[in-house]
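Asker: Residue numbers (this note's numbering), protein chains in the order written: chain B, 1 to 166; chain L, 167 to 534; chain F, 535 to 596.
Starting off with a structure, shown below.
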Amino acid sequence: METLLNDFSVGLFVMQALILLILILLMRKFAWKPILGALDSREEGIQNALDSAEKAKMDMENLQADNLKMLQEARTEREEMLKEARDMKNKMIEDAKKEANETASKLITQAQATIESEKKAAIADLKSQVAILSVEIAEKVVRTELSNKDQQLKLVETMLGEKSLN
Amino acid sequence: MVAKKSIKFIAVLILCSITAFASDEKNNHKGNKIDSPTEIKEYIKHHLKDSHDFHLFTNNETGTHVSFSLPVIVWTNNGLKTFMSSAFHHDDNGEVIVDQGDTRLVKLHSKIYELDNGASTVSFDEHHHPTNAHKVLDFSITKSVFGMLLAGLLMLLGFGALARGYKKGKVIPTGFSRVLEPLVLYVRDEIARPNIGEKKYKKFMSFLLTVFFFIWILNLLGLTPLGFNVTGQIAVTVCLALFTMVIYMFSGSKDFWAHTLWMPGVPVILRPILALIELVGFIVIKPFSLLVRLFANMTAGHFVVMSLIALMITMKEAFGPVASTGMSLVLALFISVIEILVAFLQAFIFTMLSSLFIGMAVEEHDHH
Amino acid sequence: MYNLIGAGLIVIGGGIGLGQIGGKAMEGIARQPEAAGKIQTAMIIIGALLEGLAFGALILGK
């Protein structure tokens, strides 16, 4: 300890303090401030670049997602349109079928009605014919067998029985 | 450009002073070689001290010293005296008296003494302390001061170049600056940031960076054969530690003072005692450990390296010249490699602990 | 003479302490290799504090 205290030189201490102080100030002005500033700004720049790259990537992803979405939409739209068209076609076919059926059934009913009326007419005609025929028969019977009244009636009856209404 | 010119100027100056003082110095006290253990011990002790001239080597056969002298600036009873250290003619025993008009000065064990009025030679008591002379305030450009100036110049050149590179718009430095940049980053990211804290570290960066590189360069200069032992001077380390102390004492936050002087959560009777302990710790113990660590490490390092080099002389009789030289070479090389590590480690530890203490002082606690 | 004995004791104490620090740090690193950097820094700091203590004692006792 004594030798140490003996070795302690006040002059050297003062010189060292002065030199260190001046050195700190000089270094701060000429070296540390610009260096640390440059390092900071460089790191900031790198950070910014990284951030913007990240952002660009995100944008890209968003864009891709948008594209995909649009594609999807287009596809669904096409799908829908196709479906609509198919539906329309089916409907048209259905409608056409229905119409055709209706027309056909109408035609059939008409035909049936016609047939019915024809039949009625025919029956009426037949009836009148039968009447005429019976009158003719009666004439003939009257002409030939006017004498036998019983026989006449019998005859009429049998004939009528034979000729059932068709 | 200016930097290059100044380097050339200094080189020319050094060469001139070497040639100027190389021939006219006659060794008039010890003519024999240094080869006994006591002489080696003396030599090492002398090396560990500061000196007033830059001594390179001595040719003992012709008695010529090859050295260049440095200016001596002393504050005596009669005011400021400046002269070149060559006036002492390499005397270190108080034999050569330099007459500066009304003041007579002698150099004794690397210290400059002023003779009392009327005395013409130094007289000693039985402990070899001078009785009729007293120490003077010595602001000389000693070897250590020269070393500091050299280190400062190197730092200004190196980091100035790095800063200029950035200013010119280079984002990535080239050349030697590329080596310096990671070191600056290392100090910032590994030492300052984690210990002081993200918010406040910027204010202390200038001090920490300067001190780190200052100590490191001086430690490395101490490993060169030029024989600097700047960080092994107790005055230098005291100054460095005081700088740290002043900085952390003056940047202490409110919380720091509250916790130091009136520790919360402790019985009131204990608080003054704790405050005393804390204050002594911050004002005395922490700076003391800082300064002693650096001083002792560097002194011990120099001592060991020089002792191992001296092995080739002390072991010559026991093992023969070849074996002793080889042994000393291998051991000295080994220790030198460790010393290179220690040179960095001590700079790192000093900066690390400084920032740790600063961090303790500026820390703001969450209120519990 | 007593000084030398004291110095020896200091060195023994410091050596034991440094050995403990180093050994425990190695164990820590072996257990958690990913924390090696932090452990190393802490080890160096504590080692430095111990060293300061030992050197302080050496110098005060000298």
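Ideal Cβ placement from N, Cα and C applies to all residues, glycine included.
This one's a predicted model, so the numbers in the text were calculated from it and none came from an experiment.
Near residue 260(L), what residues of its chain come up, given a Cβ to Cβ distance below 6 Å and the 5 sequence neighbours on each side ignored?
Answerer: So the qualifying residues of the chain are 272, 274 and 288.
Asker: Of the choices 340(L), 332(L), 374(L) and 356(L), whose alpha-carbon is the least far from that of residue 21(B)?
Answerer: 374(L)
Asker: Nearest to residue 388(L) by alpha carbon, out of 207(L), 214(L) and 241(L)?
Answerer: 214(L)
Asker: Taking just the CA atoms, how far does residue 77(B) sit from residue 65(B)?
Answerer: 18 Å
Asker: Could you name each continuous alpha helix (DSSP H) segment of 4 residues or more that falls completely within the region 419 to 478 of chain L, going from the start of the chain to the end?
Answerer: 420 to 427 and 436 to 446
Asker: State the DSSP-derived secondary structure class of residue 288(L), mapped to helix, strand or coil.
Answerer: Note: residue 288(L) maps to coil in three-state DSSP.
Asker: Would you kindly work out how many angstroms separate the C-alpha atoms of residue 291(L) and residue 10(B), rounded to a whole number?
Answerer: 24 Å
Asker: By Cβ distance below 8 Å, which residues in the same chain neighbour residue 237(L) in space, the five residues on each side in sequence not counted?
Answerer: 248, 249, 250, 251, 306 and 307
Asker: Scan the region 358 to 390 of chain L for residues whose Cβ lies nearer than 9 Å to a Cβ of chain B and list them as they occur along the chain.
Answerer: 368, 371, 372, 373, 375, 376, 377, 379 and 380
Asker: Drop a sphere of 10 angstroms on the beta-carbon of residue 428(L), count the other beta-carbons inside from all chains shown, and report buried for 16 or more, exposed for fewer.
Answerer: exposed
Asker: Ordered along the chain, which non-local residues of its own chain (more than five positions away) have a Cβ less than 8 Å from that of residue 300(L)?
Answerer: Same-chain partners within the cutoff: 279, 280 and 282.
Asker: Pull up the distance between the alpha-carbon of residue 222(L) and that of residue 392(L), whole angstroms please.
Answerer: 7 Å
Asker: Excluding five sequence neighbours on each side, which residues of the same chain lie with their C-beta closer than 6 Å to the C-beta of residue 588(F)?
Answerer: The beta carbon of residue 588(F) sits closer than 6 Å to the beta carbons of 544 and 548 from its chain, once the five residues preceding and following it are set aside; these are given in chain order.
Asker: Which residues bound the beta strand (DSSP E) around residue 266(L)?
Answerer: 264 to 266
Asker: What residues from the region 496 to 520 of chain L come within 7 Å of chain F, judged by C-beta to C-beta, listed N to C?
Answerer: 515, 518 and 519
Asker: So with CB distances below 7 Å, who are the chain B contacts of residue 266(L)?
Answerer: Those within 7 Å of residue 266(L) in chain B number zero; the least Cβ separation is about 17 Å.
Asker: In chain order, what residues of the same chain lie with their CB nearer than 8 Å to the CB of residue 456(L), ignoring the 5 residues before and after it?
Answerer: 403, 406, 407, 410, 516, 519 and 520
Asker: Would you call residue 339(L) buried or exposed, if buried means 16 or more other Cβ atoms sit within 10 Å of its Cβ?
Answerer: buried
Asker: Between residue 359(L) and residue 367(L), which are expected to be in contact by the criterion C-beta below 8 Å, what is the C-beta distance as a whole number of angstroms?
Answerer: With a beta-carbon spacing of about 5 Å, residue 359(L) and residue 367(L) fall inside the 8 Å limit used to define contacts.
Asker: For residue 365(L), I'd like the list of residues in its chain whose CB is within less than 6 Å of its CB, leaving aside the five on either flank, ordered along the chain.
Answerer: No residues qualify anywhere along the chain.
Asker: Shortest alpha-carbon distance to residue 27(B) belongs to which of 377(L), 336(L), 417(L) and 209(L)?
Answerer: 377(L)
Asker: Express the C-alpha separation of residue 594(F) and residue 5(B) in angstroms, rounding to a whole number.
Answerer: 11 Å
Asker: Can you confirm whether residue 75(B), when its beta carbon is compared against all beta carbons of chain L, has any partner nearer than 8 Å?
Answerer: no
Asker: Any beta carbon from chain L within less than 8 Å of residue 582(F)'s own beta carbon?
Answerer: yes
Asker: Does the pairing of the region 474 to 484 of chain L with the region 492 to 511 of chain L give three or more beta-carbon distances under 8 Å?
Answerer: yes
Asker: Would you list the residues sitting across from residue 235(L) in a DSSP beta bridge?
Answerer: 219(L)
Asker: Which residue from 137(B), 143(B) and 149(B) puts its Cα closest to that of residue 160(B)?
Answerer: 137(B)
Asker: Using a Cβ distance threshold of 8 Å, determine whether the region 323 to 341 of chain L contacts the region 28 to 48 of chain B, with at least three qualifying pairs required.
Answerer: In short, these stretches touch, since the Cβ pair count reaches three.
Asker: Could you tell me the boundaries of the beta strand (DSSP E) in which residue 272(L) lies?
Answerer: 269 to 274
Asker: Mind checking if residue 409(L) is an interface residue toward chain B, Cβ cutoff 8 Å exclusive?
Answerer: Chain B, which has a Cβ nearer than 8 Å to the Cβ of residue 409(L), makes this yes.
Asker: Write down every uninterrupted run of the alpha helix (DSSP H) in the region 299 to 346 of chain L whose length is 4 residues or greater and which is fully enclosed by it, in chain order.
Answerer: 309 to 333
Asker: Just mark residue 329(L) as buried or exposed, buried being the case when its beta carbon has 16 or more other beta carbons within 10 Å.
Answerer: buried
Asker: Taking one C-beta from the region 319 to 329 of chain L and one from the region 28 to 38 of chain B each time, how about it: are there three or more such pairs within less than 8 Å?
Answerer: yes
Asker: With residue 367(L) as the anchor, note down where its beta strand (DSSP E) starts and where it stops.
Answerer: Unbroken run through residue 367(L): none, as it is neither H nor E.
Asker: Does any C-beta atom of chain B lie closer than 8 Å to the C-beta of residue 186(L)?
Answerer: Because residue 186(L) sits at a pLDDT of 40, beneath the cut-off of 50, its placement in the model cannot be relied upon, and the point is left open.
Asker: At the 8 Å Cβ level, is residue 546(F) part of the contact set with chain L, yes or no?
Answerer: Not an interface residue.
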